[in-house]
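**Student:** There's a structure below that I have some questions on.
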Amino acid sequence: MATSSDRNRSSVVAPPPIRFAEGGEAIWRFALVLLAVLAVLAVLLYWETAAFIGHIWWTRETYAHGLIIFPLSGWMIWRHRAAILPLTPDPSWLGVLAVLLLSLGWLPGHLADVWVVQQIALILFAPALALAMLGRRTAFAMAFPLLYLAFAIPAGEGLVPSLMDFTAWFSVEGLNLSGVPVYREGRFLAVPNGNFEVAEACSGVRYLIASLALGFLYAYLNYRSYWRRLAFILLAAIVPIIANGLRAYAIIMIAHLSDMKYAVGVDHLIFGWVFFGVVMFFLFWIGSFWADPPEVLARVDLPEPVPPRAGVRSRLVLFAFLSVVALAAGRVIAWGLDAQVRTPPTDFTLLAPEGTGGWDGPLPAVKNSWVPEMVGTPLQTQARYQNGDAEVVLNLVYYPRQGVDNEVVNEGNHLFRDNYWRRLEGSSQSVDLGDGRHIQVEETRVRGVSGERLIWNWYLIDGQTTTSSLMMKALGAWQKFKLRDDAAMIAVATDFNGRPDAARERLADFVRRMNAAISARITVH
């Protein structure tokens, strides 16, 4: 038999009643239909971007959580509908402006083939359209579910190198504390009975992203205090990074202690996810100690029903039309520019330049020598140059017209073959060309079966050199307005033993004397 306190408790946590303003329910239905049409139109206009996002969600484990972000957002909005539905939709100019800015923001991402910029714009169309059609007060009432959609953006790859370095450092420190001798060379670790590499899959980025997505959701559902929410979110960011370091250390220890019988194959990946599940369980368990009680979480500040403004249906139609115009702005401009970009000549042949300044060449490249692996169908050539006993290998990679997976800056491009060369370290160098100009080059030190090699590479686009992928994308977008879309990568390398100082001087002399001739070879005629 229920007691009085039980009845009071059940009445406190009972779902609040749904209230509409007079005539508000019909306006809500009309506004939601228009909003759904706009959402479908956004997907159709930017179908290439939408399809690529879906492909990433479906095929890449790191971003598989993106498949449930939109349903989760919808569930959170439905859960708080009692606080939202009394606020009758009232279209906002601010939302239309946001849609326009996102559309125009998508444009440089498209022109430069920066997928993450396109993806951010497309995902954020959802809250922007909600703001445009439902109004500021209504959008604010569903702010967290709308902003939570940001976790659907397949981004975070930029964190991988830093996370890999931290994991390698953490593992080494753990092994040292455990008394296990370890030698570290970049991201390669060697213990007495085995070698390990901290690969991209070991970076922990998938655990970090999943932990943040779950952490934000848990904090929103279990705390009312903004400070408690922030504290738990920080915990959700820090714990998976430390846990991934512990996971890598544990895998090496298990492999070492079992004489490389365990934790060296698929089982270490399975162990990783099991370990992550245990870590997340304890994270939520700890978070439950300062979670608000159910009766506090169930309290909802219900606004008074807001009657529809006069002529709101006409305003909704007008703002839907303006939203269509704003949505289409970037897409229409892109169609126009893409149609006018000059088509490269079909008879252009990329040739290595004649040697100058004491450098003899081009000489035939050694069979099975170092060649960058590039996506798409670029023009490539390789040659050797000699100056006395000094030898430098030149690789030219030229894209007459860039496009999706046919571009000089792409995550699928590799400066060297990982199964032949091992990356030791990287840095940036400034080369004095002798005429008051300098160029920046990216330096990579690698080791293969034949010894060590020093590689310098840089990009050339629109007459400018850079080592920055971000700058390349920006210059590529700007170049499209000039109706050009070509770009190149230049890479030079030399072998050495011992310290790389002499190798740097050798490469610097080659670049100083050959830069003009190299640049002259890479142009659209």
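Numbering that gives the first Met the number 0 applies: residue 0 is where the sequence shown begins, and numbers increase by one.
Quick reminder that beta carbons are idealized off the backbone N, C-alpha and C, glycines included.
As the structure is a computational prediction, the values presented were derived from the model and not from experiment.
1. Distance, Cα to Cα, VAL311 vs LEU145?
2. Any idea which residues DSSP pairs GLU441 with across the strands?
3. Which whole-angstrom value describes the C-beta separation of VAL491 and VAL392, a residue pair presumed to lie in contact below a C-beta threshold of 8 Å?
4. What do you get for GLN401, buried or exposed, if any count of 16 or more other CB atoms within 10 angstroms of its CB means buried?
5. Rounding to the nearest angstrom, what Cα-Cα distance links GLY450 and ARG421 in this structure?
6. With a threshold of 8 Å, are at least 3 pairs of Cβ atoms found where one atom belongs to the stretch 351-361 and the other to the stretch 377-393?
7. Using 8 Å for Cβ pairs, my map puts TRP27 next to PRO88. What's the rounded Cβ distance?
8. In the DSSP assignment, the beta strand (DSSP E) including THR493 goes from what residue to what residue?
9. Skipping 5 residues on each side, what residues in its chain have a beta carbon closer than 7 Å to that of ILE489?
10. What is the rounded straight-line gap between the Cα of ASN514 and the Cα of ASP434?
11. Could you compute how far the alpha carbon of TYR62 sits from the alpha carbon of HIS54?
12. Would VAL408 and SER468 be called neighbours here (beta carbons separated by less than 8 Å)?
13. From the DSSP output, in three-state form, read off PRO361 for me.
14. Give me, in chain order, the residues of the same chain whose beta-carbon lies closer than 8 Å to that of ALA487; leave out the 5 immediate sequence neighbours on both sides.
15. At a cut of 8 Å, does the stretch 89-100 reach the stretch 186-196 through at least three beta carbon pairs?
16. What residue range is occupied by the uninterrupted beta strand (DSSP E) comprising ASN194?
17. As a quick exercise: from GLY214, SER224, ALA247, pick the residue whose alpha carbon is nearest that of VAL197.
18. Measuring alpha carbon to alpha carbon, tell me which residue in HIS64, GLU353, ALA338 is nearest ALA546.
19. Look at the alpha carbon of ILE52 and the alpha carbon of ILE17, and state the distance between them as a whole number of angstroms.
20. Could you name the residues of the same chain whose beta carbon sits closer than 6 Å to that of ALA125, not counting the 5 residues immediately before and after it, in chain order?
21. Can you tell me whether GLU441 is buried or exposed, with buried defined as 16 or more other CB within 10 angstroms of its CB?
**Tutor:** To lay it out plainly:
1. 23 Å
2. DSSP, once it has assigned bridges, lists SER427, ASN456 as partnering GLU441.
3. 7 Å
4. buried
5. 10 Å
6. Flag = yes, the stretch 351-361 and the stretch 377-393 touch.
7. 6 Å
8. Note, THR493: beta strand (DSSP E), 486-495.
9. LEU395, ASN456, TRP457, LEU459, ILE517
10. Between the alpha carbons of ASN514 and ASP434 lies a gap of roughly 12 Å.
11. 10 Å
12. yes
13. strand
14. LEU395, VAL396, TYR397, TYR398, VAL407, TYR458, LEU459, ILE460, ILE521
15. no
16. 193-196
17. ALA247
18. Any property of residue 546 remains undetermined from this structure, which presents the chain solely from 0 to 524.
19. Cα to Cα, ILE52 sits roughly 36 Å from ILE17.
20. If you ignore the 5 residues before and after ALA125, its C-beta comes within less than 6 Å of the C-beta of LEU148, all in its own chain and listed in chain order.
21. buried
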